[in-house]
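**Q** Sharing a structure, written as structure tokens. Questions coming.
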Amino acid sequence: MQDEETMSDLVSGVVKWFNDDKGYGFIEREGGADVFVHFRAINGTGRKTLKEGQKVTFEVTQGQKGPQAENVTPL
2 MQDEETMSDL
12 VSGVVKWFND
22 DKGYGFIERE
32 GGADVFVHFR
42 AINGTGRKTL
52 KEGQKVTFEV
62 TQGQKGPQAE
72 NVTPL
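Residue numbers for the sequence shown follow the working numbering, so the first one is 2 and each next one is one higher.
Listed below in structure tokens is the structure:
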């Protein structure tokens, strides 16, 4: 099993956009491609959502369609 594509380091970014109705969006990270984020990857309780321009930390994993965010923590 190869995990070379998986990055487990926390990185910072800013929410580019997030659609509350659909439960997903994208995070813009410094020096890298935008990262897909699904509401299930957001840490916390209650309604899990993000706002445009909000700063977050997260881990980048390789999804089926490209990089995706996991363990997302709003700052």
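Ideal Cβ positions, reconstructed from N, Cα and C, are used throughout, including at glycine.
1. What's the call for residue 78, buried or exposed, on a 16-neighbour Cβ count within 10 Å?
2. In terms of alpha-carbon separation, which member of 23, 13, 76 lies closest to residue 41?
3. Rounded to whole angstroms, what is the Cα-Cα separation between residue 18 and residue 54?
4. What residue from 74, 75, 70 has the CA that sits closest to residue 39's CA?
5. In angstroms, rounded to a whole number, what distance separates the CA positions of residue 57 and residue 34?
**A** Per the coordinate set shown:
1. Lying outside 2 to 76, the shown extent of the chain, residue 78 is not represented and no answer is given.
2. 23
3. 8 Å
4. 70
5. 15 Å
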